[in-house]
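*Asks:*
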Amino acid sequence: MIELLTETAISEPSRIRGLEMPWNRVMGSTEGPAGAARALGPWHPQEFMAECVETVPEAGGMMTFVFRRCDGAPLAFRAGQYVNIAFPVNGEDQDPVDRSYSLSSSPTQPWTFNITVKSDPAGLVSPWVHENVKPGMVLDMLGPVGAFHLPDADRRARYLLLAAGAGITPIMSMVRTIHSLPGQADVVVLYHGAEAGGYAFHQELAYIASVDSRVKVFYSLGNRSKPEGWEWLSGRLTAAMIDQVAPDANGRQVYACGPEGYLNTAAELLKKVGVDDTSINMEFFSGDRQTLLEYQEELALAADIAEEIAEEIADSAQDYYESQPTAFGLYEPGYDAEGTLTATGLPLETVDPDAPRSEDGSSGVGEEPGSSDASSFDTVGTGSLTLSFMRTGINVRVDPDEHILEVAQRAGVRIGANCKEGMCGSCKVVKLSGEVEMNHQGGIRAREIDAGKFLPCCSTARTDMVIDA
Amino acid sequence: MSAPVNVALNSRGKLASSLPAHQRAEIAELFEFRRAGYSLDAPFYTDRSIFNIDMEAIFGQHWIYAASVAELPEPGDYVTVDYGPYSLIVLRNDDGDVNVLHNVCRHRGARVLTEAAGSTGNLVCGYHSWTYSPSGDLIHASAPGETKFDKGCFGLKRAHSRMVAGLIFVCIADEPPADFDETSKIFEPYLAPHDLSKTKIAYQQNIIEEGNWKLVMENNRECYHCDGHPELACSLFPTWGLTDGVIPPHLEEVWDRNKEAQSSLEERCRRYGLPYEVVEELDTRVAGIRISRESLDGEGESFSPDGRRLSKKLLGDLRDFRLGRCSMHLQPNSWFHFQGDHVITFAVFPVNEHQTLVRTTWLVADDAEEGVDYDLEKLTYTWKQTNLQDKAFVELCQKGASSPAYEPGPYMKSEYQVEAFINWYVQRVQEHLA
Numbered sequence: 270m271i272e273l274l275t276e277t278a279i280s281e282p283s284r285i286r287g288l289e290m291p292w293n294r295v296m297g298s299t300e301g302p303a304g305a306a307r308a309l310g311p312w313h314p315q316e317f318m319a320e321c322v323e324t325v326p327e328a329g330g331m332m333t334f335v336f337r338r339c340d341g342a343p344l345a346f347r348a349g350q351y352v353n354i355a356f357p358v359n360g361e362d363q364d365p366v367d368r369s370y371s372l373s374s375s376p377t378q379p380w381t382f383n384i385t386v387k388s389d390p391a392g393l394v395s396p397w398v399h400e401n402v403k404p405g406m407v408l409d410m411l412g413p414v415g416a417f418h419l420p421d422a423d424r425r426a427r428y429l430l431l432a433a434g435a436g437i438t439p440i441m442s443m444v445r446t447i448h449s450l451p452g453q454a455d456v457v458v459l460y461h462g463a464e465a466g467g468y469a470f471h472q473e474l475a476y477i478a479s480v481d482s483r484v485k486v487f488y489s490l491g492n493r494s495k496p497e498g499w500e501w502l503s504g505r506l507t508a509a510m511i512d513q514v515a516p517d518a519n520g521r522q523v524y525a526c527g528p529e530g531y532l533n534t535a536a537e538l539l540k541k542v543g544v545d546d547t548s549i550n551m552e553f554f555s556g557d558r559q560t561l562l563e564y565q566e567e568l569a570l571a572a573d574i575a576e577e578i579a580e581e582i583a584d585s586a587q588d589y590y591e592s593q594p595t596a597f598g599l600y601e602p603g604y605d606a607e608g609t610l611t612a613t614g615l616p617l618e619t620v621d622p623d624a625p626r627s628e629d630g631s632s633g634v635g636e637e638p639g640s641s642d643a644s645s646f647d648t649v650g651t652g653s654l655t656l657s658f659m660r661t662g663i664n665v666r667v668d669p670d671e672h673i674l675e676v677a678q679r680a681g682v683r684i685g686a687n688c689k690e691g692m693c694g695s696c697k698v699v700k701l702s703g704e705v706e707m708n709h710q711g712g713i714r715a716r717e718i719d720a721g722k723f724l725p726c727c728s729t730a731r732t733d734m735v736i737d738a
Numbered sequence: 011m012s013a014p015v016n017v018a019l020n021s022r023g024k025l026a027s028s029l030p031a032h033q034r035a036e037i038a039e040l041f042e043f044r045r046a047g048y049s050l051d052a053p054f055y056t057d058r059s060i061f062n063i064d065m066e067a068i069f070g071q072h073w074i075y076a077a078s079v080a081e082l083p084e085p086g087d088y089v090t091v092d093y094g095p096y097s098l099i100v101l102r103n104d105d106g107d108v109n110v111l112h113n114v115c116r117h118r119g120a121r122v123l124t125e126a127a128g129s130t131g132n133l134v135c136g137y138h139s140w141t142y143s144p145s146g147d148l149i150h151a152s153a154p155g156e157t158k159f160d161k162g163c164f165g166l167k168r169a170h171s172r173m174v175a176g177l178i179f180v181c182i183a184d185e186p187p188a189d190f191d192e193t194s195k196i197f198e199p200y201l202a203p204h205d206l207s208k209t210k211i212a213y214q215q216n217i218i219e220e221g222n223w224k225l226v227m228e229n230n231r232e233c234y235h236c237d238g239h240p241e242l243a244c245s246l247f248p249t250w251g252l253t254d255g256v257i258p259p260h261l262e263e264v265w266d267r268n269k270e271a272q273s274s275l276e277e278r279c280r281r282y283g284l285p286y287e288v289v290e291e292l293d294t295r296v297a298g299i300r301i302s303r304e305s306l307d308g309e310g311e312s313f314s315p316d317g318r319r320l321s322k323k324l325l326g327d328l329r330d331f332r333l334g335r336c337s338m339h340l341q342p343n344s345w346f347h348f349q350g351d352h353v354i355t356f357a358v359f360p361v362n363e364h365q366t367l368v369r370t371t372w373l374v375a376d377d378a379e380e381g382v383d384y385d386l387e388k389l390t391y392t393w394k395q396t397n398l399q400d401k402a403f404v405e406l407c408q409k410g411a412s413s414p415a416y417e418p419g420p421y422m423k424s425e426y427q428v429e430a431f432i433n434w435y436v437q438r439v440q441e442h443l444a
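These protein sequences, in sequence, are chains A and U.
Each residue of the first sequence is one higher than the one before, counting from 270 in this note's numbering.
Each residue of the second sequence is one higher than the one before, counting from 11 in this note's numbering.
1. Output the distance between the C-alpha atoms of proline 396 (chain A) and aspartate 546 (chain A), rounded to the nearest integer angstrom.
2. Sort U:Val256, U:Trp434, U:Glu309, U:Asn230 by Cα distance to serine 337 (chain U) and report the nearest one.
3. With distances taken Cα to Cα, identify the nearest neighbour of valine 361 (chain U) among U:Val100, U:Ile218, U:Lys161.
4. Where does leucine 398 (chain U) fall in DSSP's three states?
5. Following the continuous alpha helix (DSSP H) through serine 479 (chain U), name the residue where it begins and the one where it ends.
6. So arginine 427 (chain A) contacts chain U; which residues on that side make the cut at Cβ distance below 7 angstroms?
7. Check whether chain A comes within 8 angstroms of valine 15 (chain U), counting only Cβ atoms and requiring the distance to be less than that.
8. Using alpha carbons as the reference points, say which of A:Asn383, A:Leu474, A:Ala391, A:Asp423 lies closest to proline 404 (chain A).
9. Would you mind stating whether threonine 209 (chain U) and valine 374 (chain U) have Cβ atoms separated by less than 8 angstroms?
10. Please identify, using Cβ separations under 7 angstroms, the residues of the stretch 492-526 of chain A that lie next to chain U, in order along the chain.
11. Given a cut-off of 8 angstroms on the beta-carbon distance, is the pair valine 735 (chain A) and serine 657 (chain A) in contact?
12. What are the boundary residues of the alpha helix (DSSP H) that includes threonine 193 (chain U)?
13. Would serine 207 (chain U) be called buried (16 or more neighbouring beta carbons within 10 Å of its own) or exposed?
14. Let me confirm a value: leucine 274 (chain A) is counted as buried when at least 16 other C-beta atoms fall within 10 Å, else exposed. Which label applies?
15. Three Cβ pairs or more, each shorter than 8 angstroms: is that satisfied between the stretch 369-385 of chain A and the stretch 339-358 of chain A?
16. Sorted by chain position, which residues of the same chain lie with C-beta nearer than 6 angstroms to glycine 415 (chain A)'s C-beta, five sequence neighbours on each side aside?
17. Quick check on the burial criterion: 16 or more other C-beta atoms within 10 angstroms. Buried or exposed for phenylalanine 179 (chain U)?
18. Which whole-angstrom value describes the C-beta separation of isoleucine 99 (chain U) and leucine 123 (chain U), a residue pair presumed to lie in contact below a C-beta threshold of 8 angstroms?
19. Leaving out the 5 sequence neighbours to the left and right, which residues in its chain are closer than 8 angstroms to methionine 510 (chain A) when beta-carbon positions are compared?
20. Expressed to the nearest angstrom, what Euclidean distance is found between the alpha-carbon atoms of alanine 465 (chain A) and proline 326 (chain A)?
21. The beta strand (DSSP E) spanning glutamate 304 (chain U) covers which residue range?
22. Could you name the residues of the stretch 407-425 of chain A whose beta carbon sits closer than 8 angstroms to any beta carbon of chain U, in the order they occur along the chain?
23. Which word fits asparagine 708 (chain A), buried or exposed, when buried means at least 16 other C-beta atoms lie within 10 angstroms of its C-beta?
24. Mind checking if cysteine 688 (chain A) is an interface residue toward chain U, Cβ cutoff 8 angstroms exclusive?
25. So, glutamate 262 (chain U) versus threonine 392 (chain U), is the Cβ gap smaller than 8 angstroms?
26. Could you say which of A:Cys726, A:Tyr531, A:Glu537, A:Val542 lies nearest to asparagine 519 (chain A) if we only look at CA atoms?
27. Less than 8 angstroms between the CB atoms is what I'm expecting for alanine 151 (chain U) and histidine 112 (chain U), so what's the real figure, rounded?
28. Counting along the chain, where does the beta strand (DSSP E) carrying serine 395 (chain A) start and finish?
29. What did DSSP end up calling leucine 610 (chain A) once you bin it into helix, strand or coil?
30. Under 8 angstroms, Cβ to Cβ, is there at least one residue of chain U near isoleucine 713 (chain A)?
31. Work out the CA separation of glycine 334 (chain U) and alanine 243 (chain U) for me, nearest whole Å.
32. Ordered along the chain, which non-local residues of its own chain (more than five positions away) have a Cβ less than 8 angstroms from that of arginine 45 (chain U)?
33. Hey, is the stretch 399-416 of chain U in contact with the stretch 36-44 of chain U, meaning 3+ C-beta pairs nearer than 8 angstroms?
34. I want to verify the contact list: residues of chain A whose CB lies under 9 angstroms from the CB of histidine 204 (chain U), in sequence order.
35. Is histidine 352 (chain U) helix, strand or coil when you go by DSSP?
36. Output the distance between the C-alpha atoms of isoleucine 301 (chain U) and glutamine 453 (chain A), rounded to the nearest integer angstrom.
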């Protein structure tokens, strides 16, 4: 029996909103299993050794080199970043020659990583790399480096990726990354090449474009004459071409990588079609002195950071890793099917312990109001727990089953109250420390509770407490 | 025992009408003799009795715009909305829906919530702590010794509400006009793509204009005076309100630029499936509306001097910043401009016959960061300036209407929407008085 492949209409996949890098969620969590995956977060450049495990010839005179770190750790980076590699071009006993190469693999497959090198016959390093780097070779590396990368979270995730020649390598990393992740995205790739057979990764790009409805790939053949049967675009980048492949370029983030001349033209054209300066991200693959100096600075900074971090880890690895998410402040949790979790509306209710008081001194017991030392307060009552009322300046001892309001009022703490059933909220106060058990009936909002408020009329103390009343 | 008959509960203790019958007849006559195509007679702008009729017939009967969902993003958030003698609480409930309650305690009438906006659980009157649930039920009133006190009889009075595309409308009539739902169906598809539920307030401005609310609305319905808006003129084509055939020679070039910008905007809208056609039913339905998506000058993105975006984060799932302005006018008290990067809402709340609160709210994407994605001064500049200029125009007119020398003047062709607003107003009041 012969089964025929037929075209059946299949509806679009159902996706969460926007795109979020996996480490973003990991870094946002403080405990539990996700915390163990912190090593995958691309938080800083490091110096490490890596072993070549595979070489893959690509179209257009390029070669992909697959590496793994010698220490067994994954390489954490962001799609679009590069590594700096020391190549012993002049032999093992001579100073190596440093070169930076964009990572072409996806950080979502971090156990190995790729660079893709175009051999430039006039160059010193690239022909040597093609000739000499083979599985088994170990190289010194510094990375990841570079600000040219996809954002960690983007609920819009609309991209125009422009690549010329070898500029496809970081773009390829981005495409592979997006393809490997869930989430809504809208990606247009426009890839300029010099000859019809010279587009690296074109088979994989064609495959991704055919199975991933989020990704569209266009090729253009520069200013060369078109060979017979060429169905793609031709000519250098123009505003009309950008309009043709991405009529909504104006609403996209643009990532462009290629030779200097190409990128300078791209910058002008993008402005012309209405792309905002701040939406354009560029990586130069060849540049003027200025650009090269900037790259050197970037690398020097990366080397400094790598050294600093290595020292800190050597001192106390435990402390170091635990401090990561806050220390870097780069990561924000907060995505669900609808997008961001927290809408940052108007400031609604904040706790201000220094808010003006309606009464001064109140009961006249103990210290001046605002005194922060509860140990000098008078203590009244009996019970196993101590409640310190800071404004009144009194310590009240209670048992865990007593409602805080009654005891406090009896001791002369002025807390207004009405229903005494957790309903009206009149007795709401702020707890500065300690835990309560509260059985309210709608008199207080979850947000207020999060902000440290509670209703003493329907609460009992679980621990010693300090209360702003 | 005898039971009172034929007396509706809510008529208890009320005067039969806010106005004596003869005065009502006199006012009805004024409406009767309104000269079409001309501005209203002076008392419409200056007389307290007519203001009272406006509150009764317009603000007491029709759907009015109160706030946007961005003003009460979370359960428990509320705004209070005051107009004429009314004060309403618009409260986001736990279902994500909105409750609208009269802000009048059922004990002795005190205002229950005194802030313009905030967040609350139950609603507690500050006077004697009568406590209402978010839906208005009286759930607590301390009643020592009371034996016959039935809490069930003293809930806060409720009003009707509708949330459409993130805009919240309220109606205090017992039976709201039915065609608002049809009007909603007209504007919802225009506005929904901007997704107000994912926006936040960048800035809100409250201005008290020394003018009757109708003058505020009239002023907004024409651009005949737009020479007085130099900042706005950078964005709005000065040909706004004109049509082929009535373009003065000095504006022909602008008219061509306008037409070209409009046709490329329309092409873009078709590409993204955004409606742009003009729907104009300002006085041909009870819930009068005008809506369209129109091009802006310059880059066509926003109300900035060069037409470029003022916030770098696109709203909703919009794909393009160059979407001009989707502008809506709703009778009787609101207008809106929805751009790709931000939204501006305008709400008009009458205070008395010669004062009006104009509330302007600038909304940006809720993940847009001030100072990074937008500069607050730049974001608000054009409309802050324009509002001040409009305030001055309205106040000039109010002064004029108070002069014995004032007599109604003709609305010009380009002011046909002003005429439509006045015509709508006159019809609605007449229906009410009939």
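C-beta atoms are modelled at their ideal positions from N, C-alpha and C, and glycine is treated no differently.
*Replies:* Quick look at the numbers:
1. About 37 angstroms.
2. Of U:Val256, U:Trp434, U:Glu309, U:Asn230, the residue nearest in Cα terms is U:Asn230.
3. Looking at the Cα atoms, U:Ile218 is the closest of the given residues.
4. In the structure shown, leucine 398 (chain U) sits in a helix (DSSP, three-state: H, G or I).
5. Since the first and last residues shown for chain U are 11 and 444, residue 479 (chain U) lies out of range.
6. Result: Arg329.
7. With a pLDDT of 43 at valine 15 (chain U), under the threshold of 50, the modelled position of that residue is not reliable, and no figure is offered here.
8. The shortest Cα separation from proline 404 (chain A) among A:Asn383, A:Leu474, A:Ala391, A:Asp423 belongs to A:Asn383.
9. Yes, these two residues count as a Cβ contact at 8 angstroms.
10. Those residues of the stretch 492-526 of chain A placed with their C-beta closer than 7 angstroms to a C-beta in chain U are Pro516, Asp517, Asn519, Gly520, ordered along the chain.
11. Yes, the Cβ-Cβ distance between valine 735 (chain A) and serine 657 (chain A) is below 8 angstroms.
12. First-last of the alpha helix (DSSP H) with threonine 193 (chain U): 190-201.
13. Serine 207 (chain U) counts as buried, since at least 16 other C-beta atoms from the protein chains shown sit within 10 angstroms of its C-beta.
14. In this structure leucine 274 (chain A) is exposed. Its beta-carbon is surrounded by fewer than 16 other beta-carbon atoms within 10 angstroms.
15. The stretch 369-385 of chain A and the stretch 339-358 of chain A touch, with no fewer than 3 CB-CB distances between them shorter than 8 angstroms.
16. The answer, listed in chain order, is Gln350, Tyr351.
17. Classification for phenylalanine 179 (chain U): buried.
18. With a beta-carbon spacing of about 6 angstroms, isoleucine 99 (chain U) and leucine 123 (chain U) fall inside the 8 angstroms limit used to define contacts.
19. For methionine 510 (chain A), where only same-chain residues beyond five positions count, the Cβ hits under 8 angstroms are Leu459, Ser489, Leu502, Gly504.
20. Pairing alanine 465 (chain A) with proline 326 (chain A), the inter-Cα distance amounts to about 17 angstroms.
21. Note, glutamate 304 (chain U): beta strand (DSSP E), 299-304.
22. Within the stretch 407-425 of chain A, the qualifying residues are Arg424, Arg425.
23. Exposed, by the Cβ-count rule.
24. Chain U, which has a Cβ nearer than 8 angstroms to the Cβ of cysteine 688 (chain A), makes this yes.
25. Using a Cβ distance threshold of 8 angstroms, glutamate 262 (chain U) and threonine 392 (chain U) do not count as a contacting pair.
26. Considering only alpha carbons, the answer is A:Val542.
27. Wrong, their Cβ atoms sit about 17 angstroms apart, outside the cutoff.
28. Not the beta strand (DSSP E): serine 395 (chain A) falls in the alpha helix (DSSP H), residues 395-401.
29. At leucine 610 (chain A), the pLDDT of 31 sits below 50, so the modelled position is not reliable and the matter cannot be decided from this model.
30. It does; some Cβ of chain U falls within 8 angstroms.
31. Here the alpha carbon of alanine 243 (chain U) sits roughly 14 angstroms from the alpha carbon of glycine 334 (chain U).
32. Listed in chain order, the non-local C-beta contacts of arginine 45 (chain U) below 8 angstroms within the same chain comprise Pro418, local neighbours out to five positions each way being set aside.
33. The answer is no - the stretch 36-44 of chain U does not touch the stretch 399-416 of chain U, with fewer than three Cβ pairs under 8 angstroms.
34. Result: empty, since nearest Cβ-Cβ is about 13 angstroms, beyond 9 angstroms.
35. Note: histidine 352 (chain U) maps to strand in three-state DSSP.
36. Per the coordinates, the alpha-carbon of isoleucine 301 (chain U) lies some 31 angstroms from the alpha-carbon of glutamine 453 (chain A).
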